[in-house]
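Peer 1: Input: one structure, supplied below.
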Amino acid sequence: MVALDLFEQLADGPVSLQALARANGLEIEAARRLLDAGAALDLIDRVEGESYALGGLGASLVGDRGLLAMIAHHDMLYRDLADPVALFRNPQHGTELGAFWAYAQKGGGAYHPKPDAQAVARYSALMAASQDMIAEQVLAAYPVHRHQVILDVGGGEGVFLAHVAQKTRDARLILFDLPDVAARARDARSDLVVAQKLSCVGGDFTRDPLPKGADLICFVRILHDHEDAIVERLLAAAYEALPPGGRLLLAEPMADTKGARAMGDAYFGIYLLAMGQGKPRRADRLKAMLATAGFSQIAEKKTAQPMITRLLLARK
């Protein structure tokens, strides 16, 4: 339905079965079967006269480029699951998702040393498109305006920090990501760079020290993409980079989330397996890893949609 752009076709009101079939190059019966399946999922509503309208869930997708982009890219996951037994037996054997996410490990547990520009553009664009809803939830749960210098590790094209900039007047912002990604962020957020509010720093956080000077370090949808050894190194690096009293903010979907176990344990578990690295972790596991790195006052802040992201805060 996303590939056919059906939700946009229904955005202005009900459309007849015949018109939808014709517009999408489908036989009438095939179109009816697809639309009835959408109705069963509350994506589409059947209305009088063999016409269809947006359902409750379908309406929420209209105009949401982040969700639509995330849904559209799942054709790679479906192809990787064509032989699920083979995937579970040999998850390190090349997958489409592993190739798409150019930073996924290539056997060494670290970022690809030099992803090509097209690969960087593809995964950076997808991450940027899906970041708005995450940023809104995080910033509604935690008052970032109390901080003077905010570092976003693995910050992509700077969507999260652009949201942060709207919440803070005088804070200095630092984005740290692979050099090619940091360069894209510098271009995408040129207004913040020119205003000397944002600095984009290139580096590999699996090997390089984190920039110092921030009193808040953010990991937004980062740790679940990596194995324990890298996560432990990252948390230790964050502890080293923070001043006494500095804070760490960790936001991502977590395993065993009440009411959303299917999202954390099933969906993200399988997705990250196909990607070739990482795993969803329970909140208590992440808290233990933070404590091992030296952090204290570790606490969870409630978010509006914990199935999408949960939020942990810790203090040095």
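Under the numbering used here, the sequence shown has 202 at position 193, and the numbering climbs by one with no breaks.
No residue lacks a Cβ here, since even glycine has one placed at the ideal position from N, Cα and C.
Note that this is a predicted model, so its numbers are computed, not measured.
State yes or no: is the C-beta of Ala171 within less than 8 Å of the C-beta of Pro218?
Peer 2: Not in contact: Ala171 and Pro218 (Cβ atoms no closer than 8 Å).
Peer 1: Can you find the residues in the same chain that come closer than 8 Å, C-beta to C-beta, to Asp196, ignoring five residues on each side of it along the sequence?
Peer 2: Excluding residues within five positions, none has a Cβ falling inside 8 Å.
Peer 1: Between Met79, Glu105 and Ala81, which lies nearest to Ala91 when the distance is taken from Cα to Cα?
Peer 2: Ala91 has its Cα closest to that of Glu105, out of Met79, Glu105 and Ala81.
Peer 1: For the region 192–274, which segments carrying the alpha helix (DSSP H) assignment without a break, of at least 4 residues, lie completely within its bounds, in sequence order?
Peer 2: Whole alpha helix (DSSP H) segments, 4+ residues: 199–203 and 237–250.
Peer 1: Which full runs of the alpha helix (DSSP H) of 4+ residues lie inside the region 56–93, going along the chain?
Peer 2: Runs found: 65–70, 74–81 and 84–89.
Peer 1: Would you give the residue range spanned by the beta strand (DSSP E) that Asp326 belongs to?
Peer 2: The requested residue 326 does not occur in the structure, where the chain is confined to residues 10 to 325.
Peer 1: Round the Cβ separation of Val210 and Phe185 to the nearest angstrom and send it over; I've been treating them as touching at under 8 Å.
Peer 2: The pair is a contact, with the Cβ atoms about 5 Å apart (cut-off 8 Å).
Peer 1: Can you round the beta-carbon distance between Gln146 and Ile317 to whole angstroms, since I take them to be within the 8 Å contact cut?
Peer 2: With 8 Å as the limit, Gln146 and Ile317 qualify as a contact, their Cβ atoms being about 7 Å apart.
Peer 1: Based on the DSSP output, what are the partners of Arg5 in its beta bridges?
Peer 2: An answer regarding residue 5 cannot be provided, because it is not within the stretch 10 to 325 covered by the chain.
Peer 1: Are the region 266–274 and the region 76–94 in contact at 8 Å, needing three or more beta carbon pairs?
Peer 2: The region 266–274, when compared against the region 76–94, does not touch it at the 8 Å Cβ threshold.
Peer 1: Taking all protein chains shown into account, decide if His154 is buried (16 or more other Cβ within 10 angstroms of its Cβ) or exposed.
Peer 2: Per the 10 Å Cβ criterion, exposed.
Peer 1: Can you give me the Cβ contacts of Asp161 inside the same chain, cut-off strictly under 6 Å, excluding the 5 residues immediately before and after it?
Peer 2: Once the five neighbours on either side are set aside, the close Cβ partners of Asp161 are Phe169, Leu170, Leu184 and Cys227.
Peer 1: Would Gly285 pass as a contact of His233 if the rule is Cβ separation under 8 Å?
Peer 2: It is not a contact, given that the beta carbons lie outside the stated cut-off.
Peer 1: Please go through the same chain and pick out, in chain order, the residues whose beta-carbon is closer than 6 Å to the beta-carbon of Arg88, but skip the five residues on each side of it.
Peer 2: Same-chain partners within the cutoff: Glu105.
Peer 1: Closer than 7 Å by C-beta to Lys206: which residues in its own chain qualify, once you throw out the five before and the five after it? Chain order, please.
Peer 2: For Lys206, where only same-chain residues beyond five positions count, the Cβ hits under 7 Å are Ala174, Arg181 and Leu182.
Peer 1: Less than 8 Å between the CB atoms is what I'm expecting for Thr312 and Leu320, so what's the real figure, rounded?
Peer 2: So it is a contact: roughly 5 Å between Cβ atoms.
Peer 1: Does the beta-carbon of Gly118 have 16 or more other beta-carbons within 10 angstroms, so that it is buried, or is it exposed?
Peer 2: Legend: pLDDT at Gly118 = 37, less than 50; position of this residue unreliable, value from coordinates given subsequently. Exposed, because fewer than 16 other Cβ atoms sit within 10 Å of the Cβ of Gly118.
Peer 1: If you count every other CB in all the chains shown that lies within 10 Å of the CB of Leu282, and 16 or more means buried, which is it?
Peer 2: It is buried - the Cβ of Leu282 has at least 16 other Cβ atoms within 10 Å.
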